[in-house]
Structures are given as structure tokens and as C-alpha cells.
Amino acid sequence: MADLTSNFIGIKSPNPFWLASAPPTDKEYNVRRAFEAGWGGVVWKTLGEDGPPVVNVNGPRYGAIHGADRRLLGLNNIELITDRPLEVNLEEITRVKKDYPDRAVVVSLMVPCEEGPWRDILRRVEDTGADGVELNFGCPHGMAERGMGSAVGQVPEYIQMVTEWVKKHSDYPCIVKLTPNITNILHPAKAALAGGADAVSLINTINSITSVNLDTFAPEPTIDGWGAHGGYCGPAVKPIALNMVAEIARNPETANLPISGIGGVTTWRDAVEFMALGAGNVQVCTAAMTYGFKVVQEMISGLSQYMDEKGITSVDEIVGRAVPKAKDWQDLNLNFVTKAEINQDLCIQCGRCYASCEDTSHQAIAMSEDRVFTVKDDECVACNLCVNVCPVEDCITMREIPLGEVDERTGKPVETYANWTTHPNNPSVVAGE
Amino acid sequence: MSQSHQAAGIAAGRKTRDAIAESFSDLHPPLSAHEALVAADRCYFCHDAPCMTACPTSIDIPLFIRQIATGTEEAAAKTIFDQNILGGMCARVCPTETLCEQVCVREVAEGKPVEIGRLQRFATDSVMDRPQPYSRAAETGKTVAVVGAGPAGLACAHRLAMHGHSVTLLDARAKAGGLNEFGIAAYKSTDDFAQNELNWLLSIGGITVETGKALGADLSLGQLQQDYDAVFLSIGLAGVNALTLDGNHDGAIDAVDWIAEMRQSKDKTDIAVGRNVVVIGGGMTAVDAAVQSKLLGAETVTIAYRKGKENMSASEYEQDLATSKGVHILFNATPKSLSDGAITFTRTGTDEEITLAADQVMRAIGQTLEAAPEAIALEHGKIKIDEVGRTSVTGVWAGGDCATGGEDLTVTAVAEGRDAAEDIHATLMKGE
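Chains as they are written, first to last, in our numbering: chain A, 1069 to 1501; chain B, 107 to 538.
This is the structure in C-alpha cells:
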């Protein structure tokens, strides 16, 4: 069993799996169950100002996208921050942290964009013994209409301003949670850094309407005949989140800014992928909401086995290992040639590769009378679509054509590395001589 | 009043009415809506799908399964009926394990095919209590006699009616439906499905049913040719192969007759079955007779087949079904002689004798063509047809079990009836 201990911006936890600020971390009862199940930490569901708590809708809060066999792929919610009194939450946080001193307890906060309310709430949190705060600049629904959540996260100047207030009024490690509902994640990330943030966490949920009821013609989830956009999360958003994490990790200005990776982490593999692209730890919500807290046990055993197999002794060794390989398109080797190859022993002859290639790609797969599917090397551009649509894992693979060997499609031998920046077809290439 | 398994001789009521009803419930219970979605999700939507090629009626299986998966089972049913108007019955009786499901890529890959038969039933069941989705074209003024109201005749009649022709559907029995009504095992067609489907099919209009009209007795081909613009023969195999054995046995009967009688019984408490039943044969009829004997309460039931397991025409699946119901299958047993309460076989190719107690002996060694008009050319004991169902006599088409081509399956009969109807239609409209 590998040592999974995590130290994220000075916050220690027995493993790098935290529950994200969300319904699973709204109450002492849930959080205790989470810790019993093995979660390394929690970000407590966002606290708002003292006073009458926010209210939630009393119709459906969630909508979902399903894959085969109703496997939940994407979840949308219109729930707001905690709707329980501040005092109750603070008491519960205090009790839980006291009973689980080895677990990370970070408190998520969202108050109006004024210094006073931020100063006040930080003072209230101070006595709980919590390990840090996370600033919720991400929630895209409801609270954003009131000038909080993603309404702040979409304005870098506000991010910097509020972060500065938080650092001014508390010594807590401060994580700034970013919204993906922007055009370039680097701007909010840089603003957080400039404001003194110890880390950023991302992504929060994505603006979304999950579906439309075709009888009532109302967006879903539907509240009394109407729908409002919610925040989308779950396995479906993982690719978007991975890219945003990588963008921050590979940018020289933000490269040293610690990242807590969030967005569709469902298995240990997802977690390792986030970490490899620069996340110091991960936060999970939808997987727990779909399968219960026990999923963390697979994440723990899977990460442990992986680390043992790779001879990795500390989770920090994983962090950022894929970052040097995340590049711009223009850096890619245009002389690298691969060809699809179909393993006839594994092929079940469904013909999906043929249909997709013939109808929508490069007509590079041949189908014989007796349903044997073969790749035409002289047509294959190695697009990988056949690999992606094949229902059998590893049945179709991409074979690299070695240097010097002829690519049957172009009739030319494979050459050494060259990219777009030097390509003769690139109009912005200036002749070197 | 109810007798036990052990009651000697041939007797009705070996089980209570409820026990019989329980035994004869659906062999494959219908899928629930949730089960159907789960099953449909497994389909890969193959290109040029092998299942579709394997279906004698070429139903677009990937399309109808996708239609189920997207919550439009009525559209799925239409996809099925476009190719096979008896898609409901075929969903129940098709040996899918040797047709579509055998070649399903997931059968090949995992040994677990997509449950095409049950999905087809799910789709077709969803519309059976609604008006059928077809209507007649404008009247053509042409008339067609369809002789035999089994699957081939029904499929032909429906397609002809759709094209606007006037069809007279003639059948020797007192009821239309053919083997759907009188032949197939009761646990494959529960709740009077055959008659319900027949009524649904006939609701297209333009089809007049006349029962009690047998070719050769009440009808002659010459007269039919005179009275109608075209004739389609789907008279099935009305004869049974003879089995001559030494000795007498009061309880020796033809399995097809016993099955037909049982299918017409309301609750089967009046159907007599032996304590010890021996069924001679190796096909589906033998399995159907044996299994249903067992379900009716026979104590021992044996299928005796003169060749080995590999030669048996009943599929592996049907054999397993029989043995799972407690039927014993005796291979390589050639019947030799009968005596009261027993039958003696020799081990095929040897002198070794095997004698089994048998209150009831059922013959299921194949059916033969009967009452085929003399003018028509036969081949291998069946009416010779070409690929569109034309016989040697101009203006006369044939299909189903009575004709050459394809296996003797409901689904094959439907395909032949449908295709002949298309050719009849094309011929009549050309004015040939």
C-alpha cells in the first residue's frame, strides 16, 4: 500500500481525495459518513452571510444525461448555497473537525462583493478550526443573478479584489474556485494569483439546460412549468476541466499556482489524470452523488496499486508529470505518421468502423463479402475515429510508421520532426534564406 | 378429482387447472419497459447487420432496436411489420438462437446476444391493441384466392389487400391461423395471441375468410383459376409420415393431431396424456409434444430419435428446453415394435433392444404434402417454386411449408407469402 498522504498548500489529508463543496458536504451527518468511508477531506458546502439563509426551489433541483443502461454521465443542478443557518453550519464544522483532526476541512464561502461581509464571515469561520477557505466564484445559477458566484468569477478584477480582502482579513490558506463559464481560464487564474490566492480550484459547474420536456415544452428540470439554466458536472465535463487545469499548469505565469482539480472525477484514473496535468489534489462530487461515499475506496486502492506498480512513493511525484507534454497544436510533429490496424482475432465484425470511415471520414476501411474489415493504408489519415467507435477495447490500434518507412498514402518516407511553424504551406513562415 | 402423475394409462387432469395454467405460461415473459431499454442499449447498431441478414424476412433489427431505445416502440413495431406482418408471432416462435441472435456480434463476442426476439415482442406488443398502421390502396378490381390461412397465406393476403386487391382466404379447418393456431407450442403463444393477431391483421379489410374449404375436397385448382385472377397456395403439410411397426398399441397417435387438439382446449384439463409418454422423432414437433406432455403431468416423457444428437433437427436450445422440463432424450433408438403399454427400440445399427414403458406413443417423424393439385410440378415432395413464389402453373403461386425453398419456419413462410404477393401484384397490374 503506497503512502497516499497529501499536503496541499499546507493542508494535510490522508489521501488526495476531497469532496467538493456541494450537497454531499452540506451537513455534519453527511460529512461524518464521508470521513468514515475514507475521504481525505471535504470542502464544506458554501456558507453565505449571517441572517436569513437562502431558500431553494421545492421542485426538482437536478437534471441528468444518461448513457447506456442509464449510467449517469452528466448532472445539472439549480441548488443554491447552503440553506441552513450560518451558526448551525459553523457549530457542525467545529465538531466534525475536532473529531477528525487528520482530515482536511475547508470552508467554502460566498458573500456579497463588499469588504465588510467578507471580513465578517472570515471572523466567524476562524473559531471552527477549519484548515482553509475556498472562495466560491463559480456557481453559475441563482447566486450569480445576485452578483455572487460566477458573476464574480467572470470579472478578473473582482476576483483579485476579493482575494486580497480575504488574505488581508485572515491567515487561512485561500483557494479560489473558478468558473469555466469564461473564454480564457488564464485571466481569472492570473487574477487569483495577483490577489494572493494560495491555490485555485476548478472547474465549477458549466451553464446548462439538460433537456426539454417535449410534452410541456419546458426546459428540465422544470419548476411549475418553467426552467432555468443550472450548473453541469459529472463525467461529461471531465475533458473540459482537464484542459482548463492544463492551461493554468503549463502557462509560465501561473505554473506555480497550486490547483485543486475538479470536474467529473469518477475513478482513481480520473484523479491521476488531473494530477498528472498539474492538480495537487482532486475534489469529487458527482461520483459520490451517484454511487455514494464508498466510491472513494476504489479511488484509494486504485491509486495505491498504480503508485506501487510505477514505483511512485508520494502523490506529489504524479503532480504535473504530463504538463511538459501538453502543447499547442502548432508544436505537434506533422511528420509523425500512424495507421489504424484492426486485430482480426478481437474483431466482432460489427462494422461500426466501416460505417464511420466510409460515411464520415476517409473511406479507408475495406469490408469483404464475409465481413472482414481491413484498413487501407493508402487512404488512412490516422484520424482515430475507428478506434473511438469500436466497441471492443484495443481491437483497433494505431501503428506508428517508423522513420524512413514509406507512408502509403503520400508515397513519401516518414521524416524527422517538423511542425506547422516551419511548414511551407504556412503563410506566416518567413523564408529563412 | 385431480389425478396424479402416477395414475396409470392415458388420462386427463393429471394436474389442477391452476397448475396447468402455471406450467403453460409464457416461455419468455415479456420485457418490462425498463428491461427493454437495458436490452436495447446493448445493440451496437452494426453496419449491414448480420442479424438482419439472418432474418428470413430481413427485418431492420438495428433500426427497430434504436427506435425502442429512443422511446418510440410504435415506430419500432412499424419497422418490423413493414417486413413481417406477423412480427408478433415470430417474436414468440422464431428459433432466434439459430437465426438473428446466433449471428449477433455480441453472441460471437460474449456468448450473450442482444435479446432480439424479446425486444421484437416488446415493440409489437405495444401496438396490438391499436389500429394496424396499414391501409388499403385504391381497389384494383383484381381478385386473388389464397388457399391456406397459415402464416404464408396470412402474409400474402395482407400484402395483397394493402395493394388494393380483393382476397378470399380459404382454409380447410374451422378456424383460420394454420400452425399459429393449431401447431406451435401453447407456451409460445399465450392468451389466444394467434387469434388476436389474426383479427388485427384482417382489420386492414379486403380479405374475406372462408373456413371449412379444403383443396381437393371442396375446392379445385381449376375452379379457383377460373374464379380468381390469381391463386396462392399455402396449404402446409397436412399429411404425416407413416410409421409401420410390429404389434398393436391403443395409445399410438400422431403428435400434430394431439397438439392441435390441445391448442384448441380452453384450459387443457380435458387433454388426456399418458403416465409414460414416448415421442418418436427429432424435430420441433417432437419437442413440442414431449414438453407439453410433461407440462400436462406425464410422469416420464422420452423423445426417441433414431440418430445422434448432432443430427437432430430440433435446435440445441430446444433440446435444452426439453431436458430442462424433465424430458429424457434417447438418441440412436430405432423403433421396432409396439405392445400394450410398451415400445421396443433397437440401438440403431445393432440388435441391442431397449424397451420403454409407454401408455402413449406419439409419432412426430415429419409431415408430408397432401392434396397438391396434380397439374403442379413437385420437387422433393413439395410444390416447386421459384424465388418469387411462382409454381409451374401460370397464375398460381405457392409458399410456406408446402413449397420448396427455405426452412419450415413461420418466419420463412411469412417471407414467402409476402414476396409472392409482391409478384402477384406486379403481375396483375401489368395485365399478364
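The beta carbon of each residue, even a glycine, is placed where N, CA and C say it ideally should be.
Computed from a predicted model, the values in this text were never measured in an experiment.
Helix, strand or coil, according to DSSP, for residue i in the structure here?
i, result
"A:Y1240", "coil"
"A:E1501", "Per-residue confidence for A:E1501 stands at a pLDDT of 48, beneath the threshold of 50, marking its modelled position as unreliable; the derived number appears in the next sentence. In this structure, A:E1501 counts as coil in the three-state DSSP scheme."
"B:Q208", "helix"
"A:M1343", "helix"
"B:M158", "helix"
"B:Q331", "helix"
"A:F1361", "coil"
"B:D356", "coil"
"B:K319", "coil"
"A:Y1374", "helix"
"B:S309", "coil"
"A:Q1222", "coil"
"A:V1460", "coil"
"A:I1146", "coil"
Taking C-beta to C-beta, are residue i and residue j nearer than 8 angstroms?
i, j, result
"A:E1232", "A:G1264", "yes"
"A:N1048", "A:L1115", "No answer is possible for residue 1048 of chain A: the residues shown for chain A start at 1069 and end at 1501."
"A:C1301", "A:C1353", "yes"
"B:R279", "B:T317", "yes"
"B:K121", "B:V199", "no"
"A:G1197", "A:K1165", "yes"
"B:I557", "B:V220", "Limits of chain B in this structure are 107 at one end and 538 at the other, which puts residue 557 of chain B out of reach."
"A:A1267", "A:I1227", "no"
"A:C1451", "A:R1477", "no"
"B:N190", "B:V467", "no"
"B:R524", "B:A267", "no"
"A:G1295", "A:I1274", "no"
"A:I1189", "A:I1271", "no"
"B:I186", "B:T159", "no"
"B:C508", "B:I313", "no"
"B:A361", "B:A395", "yes"
"A:F1076", "A:P1320", "no"
"A:C1463", "A:S1424", "no"
For residue i, which of the options has the nearest alpha-carbon?
i, options, result
"A:K1235", "A:V1201, A:W1086, A:H1491 and A:G1210", "A:V1201"
"A:T1093", "A:E1447, A:Q1351 and A:E1366", "A:Q1351"
"B:K319", "B:N305, B:L275 and B:D356", "B:L275"
"B:P239", "B:Q332, B:P135, B:A183 and B:S272", "B:A183"
"B:S131", "B:D335, B:D373, B:H531 and B:L436", "B:D373"
"B:I290", "B:F151, B:G505, B:A392 and B:R524", "B:A392"
"B:H271", "B:P201, B:D335 and B:A127", "B:D335"
"A:A1309", "A:S1328, A:I1469 and A:E1321", "A:S1328"
"A:D1195", "A:A1219, A:C1463, A:E1160 and A:G1210", "A:E1160"
"A:L1345", "A:V1387, A:I1380, A:D1396 and A:A1070", "A:V1387"
"A:N1403", "A:V1391, A:E1468 and A:C1458", "A:E1468"
"B:S419", "B:T450, B:A470, B:S371 and B:I449", "B:A470"
Looking at the C-beta of residue i, does it have a partner C-beta in chain A at a distance below 8 angstroms?
i, result
"B:C157", "no"
"B:C196", "no"
"B:C47", "Outside the displayed range of chain B (107 to 538) lies residue 47 of chain B, so it cannot be described from this structure."
"B:D492", "no"
"B:A215", "yes"
"B:V199", "no"
"B:V393", "no"
"B:V273", "no"
"B:T533", "no"
Please tell me whether residue i has its Cβ less than 8 angstroms away from any Cβ of chain B.
i, result
"A:V1313", "no"
"A:R1420", "yes"
"A:Q1417", "yes"
"A:P1303", "no"
"A:V1280", "no"
"A:A1423", "yes"
"A:P1459", "yes"
"A:E1501", "Caution is warranted here: a pLDDT of 48 is assigned to A:E1501, below 50, making its placement in the model unreliable, and no coordinate value can be reported."
"A:D1137", "yes"
Confirm the yes/no value for this check: CB of residue i, any heavy atom of the ligand FMN, distance under 7 angstroms.
i, result
"B:L401", "Among the ligands in the structure shown, none appear at all, so the ligand FMN cannot be discussed."
Given 8 angstroms, three or more beta-carbon pairs between the stretch 1244-1263 of chain A and the stretch 1308-1318 of chain A
yes
Contact between the stretch 144-153 of chain B and the stretch 301-315 of chain B (3+ Cβ pairs under 8 angstroms):
no
Can you confirm whether the stretch 182-196 of chain B touches the stretch 244-252 of chain B when touching is taken to mean that 3 or more C-beta pairs between the two stretches lie within less than 8 angstroms?
no
At least three beta-carbon pairs within less than 8 angstroms, the stretch 281-289 of chain B to the stretch 353-360 of chain B:
no
Pairing CB atoms from the stretch 1397-1415 of chain A with CB atoms from the stretch 1487-1498 of chain A, are three or more of them under 8 angstroms?
yes
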